[in-house]
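Heads up, the thing below is written out as C-alpha coordinates.
Residue numbers (my numbering): 322 to 429.
Given below as C-alpha coordinates:
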(Lines of atoms letter the chains of each structure in order from A and count residues from 1; the text may use other names and numbers.)
(Lines give C-alpha, C1' and ligand atoms only; values in the text may rest on other atoms or scores of the structure.)
Protein backbone atom coordinates (compact mmCIF):
# COMPACT_ATOMS: atom_id res chain seq x y z
CA UNK A 1 0.00 0.00 0.00
CA UNK A 2 1.44 3.36 -0.97
CA UNK A 3 2.25 5.71 1.82
CA UNK A 4 1.20 9.37 2.16
CA UNK A 5 4.40 10.54 0.52
CA UNK A 6 3.43 8.96 -2.84
CA UNK A 7 0.21 10.98 -3.36
CA UNK A 8 1.34 14.21 -1.72
CA UNK A 9 2.83 15.84 -4.91
CA UNK A 10 -0.37 15.19 -6.91
CA UNK A 11 -2.54 16.67 -4.19
CA UNK A 12 -0.32 19.76 -4.03
CA UNK A 13 -0.60 20.30 -7.80
CA UNK A 14 -4.40 19.96 -7.76
CA UNK A 15 -4.77 22.46 -4.96
CA UNK A 16 -2.55 25.00 -6.68
CA UNK A 17 -4.34 25.09 -10.07
CA UNK A 18 -6.30 28.32 -10.62
CA UNK A 19 -10.08 28.02 -10.48
CA UNK A 20 -10.74 30.86 -12.92
CA UNK A 21 -8.89 31.44 -16.17
CA UNK A 22 -6.56 34.39 -16.03
CA UNK A 23 -7.13 37.41 -18.25
CA UNK A 24 -4.71 38.40 -20.92
CA UNK A 25 -2.78 41.35 -19.45
CA UNK A 26 -2.27 42.80 -22.94
CA UNK A 27 -6.00 43.31 -23.57
CA UNK A 28 -7.19 46.59 -22.01
CA UNK A 29 -10.48 46.46 -20.17
CA UNK A 30 -12.06 48.85 -22.68
CA UNK A 31 -11.46 46.40 -25.54
CA UNK A 32 -12.91 43.54 -23.50
CA UNK A 33 -16.10 45.53 -22.94
CA UNK A 34 -16.40 46.35 -26.63
CA UNK A 35 -16.02 42.72 -27.56
CA UNK A 36 -18.70 41.66 -25.11
CA UNK A 37 -21.18 44.30 -26.27
CA UNK A 38 -20.66 43.49 -29.95
CA UNK A 39 -21.00 39.75 -29.33
CA UNK A 40 -24.33 40.17 -27.55
CA UNK A 41 -26.04 41.93 -30.49
CA UNK A 42 -28.20 39.52 -32.47
CA UNK A 43 -27.52 39.24 -36.15
CA UNK A 44 -30.22 40.85 -38.27
CA UNK A 45 -31.86 38.51 -40.72
CA UNK A 46 -33.92 39.68 -43.62
CA UNK A 47 -37.43 38.40 -43.21
CA UNK A 48 -38.95 36.74 -46.24
CA UNK A 49 -41.89 38.75 -47.51
CA UNK A 50 -44.93 36.52 -47.54
CA UNK A 51 -47.38 36.69 -50.40
CA UNK A 52 -51.14 36.93 -50.18
CA UNK A 53 -51.66 33.18 -50.47
CA UNK A 54 -49.30 32.41 -47.57
CA UNK A 55 -50.77 35.16 -45.40
CA UNK A 56 -54.28 33.92 -46.17
CA UNK A 57 -53.33 30.39 -45.14
CA UNK A 58 -51.67 31.58 -41.93
CA UNK A 59 -54.22 34.09 -40.66
CA UNK A 60 -57.56 32.84 -41.96
CA UNK A 61 -57.07 29.19 -41.07
CA UNK A 62 -56.50 30.04 -37.42
CA UNK A 63 -60.23 30.34 -36.76
CA UNK A 64 -62.12 28.68 -39.60
CA UNK A 65 -61.75 26.44 -42.62
CA UNK A 66 -60.18 27.95 -45.71
CA UNK A 67 -62.62 29.40 -48.24
CA UNK A 68 -61.87 29.10 -51.92
CA UNK A 69 -61.20 32.44 -53.62
CA UNK A 70 -63.81 31.56 -56.28
CA UNK A 71 -66.63 31.46 -53.69
CA UNK A 72 -67.06 35.23 -53.69
CA UNK A 73 -66.76 38.14 -56.11
CA UNK A 74 -63.92 40.67 -55.79
CA UNK A 75 -66.24 43.27 -54.24
CA UNK A 76 -67.57 40.73 -51.74
CA UNK A 77 -64.00 39.75 -50.78
CA UNK A 78 -63.28 43.42 -50.08
CA UNK A 79 -66.20 43.58 -47.64
CA UNK A 80 -65.29 40.26 -46.01
CA UNK A 81 -61.68 41.25 -45.58
CA UNK A 82 -62.58 44.65 -44.13
CA UNK A 83 -64.47 42.90 -41.31
CA UNK A 84 -62.06 40.03 -40.84
CA UNK A 85 -59.03 42.34 -40.72
CA UNK A 86 -60.34 43.87 -37.51
CA UNK A 87 -61.29 40.51 -35.98
CA UNK A 88 -57.98 38.84 -36.88
CA UNK A 89 -55.88 41.90 -35.96
CA UNK A 90 -54.30 41.83 -39.41
CA UNK A 91 -51.89 44.68 -40.30
CA UNK A 92 -52.95 46.88 -43.22
CA UNK A 93 -50.08 45.87 -45.50
CA UNK A 94 -50.81 42.18 -45.00
CA UNK A 95 -54.54 42.74 -45.49
CA UNK A 96 -53.82 44.39 -48.85
CA UNK A 97 -51.73 41.40 -49.93
CA UNK A 98 -54.48 38.96 -48.94
CA UNK A 99 -57.16 41.04 -50.68
CA UNK A 100 -55.05 41.26 -53.83
CA UNK A 101 -54.62 37.47 -53.84
CA UNK A 102 -58.33 36.76 -53.26
CA UNK A 103 -59.51 39.24 -55.89
CA UNK A 104 -57.06 37.95 -58.51
CA UNK A 105 -58.00 34.34 -57.85
CA UNK A 106 -61.77 34.95 -57.66
CA UNK A 107 -62.06 34.61 -61.41
CA UNK A 108 -64.47 37.51 -61.87
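We treat Cβ as the ideally placed atom computed from N, Cα and C, and that holds for glycine.
Quiz item: Is the beta carbon of residue 407 less than 7 Å from the beta carbon of residue 377?
Solution: no
Practice problem: Could you pull out every residue in the same chain whose Cβ sits closer than 8 Å to the Cβ of residue 405, ignoring the five residues on either side in sequence? | Solution: 381 and 411
Quiz item: Under the three-state reduction of DSSP, which class applies to residue 384: helix, strand or coil?
Solution: coil
Quiz item: Under the three-state reduction of DSSP, which class applies to residue 370: helix, strand or coil?
Solution: coil
Quiz item: So, helix, strand or coil for residue 396, using DSSP?
Solution: helix
Quiz item: If you draw a straight line from the alpha carbon of residue 417 to that of residue 395, how long is it in whole angstroms?
Solution: 13 Å
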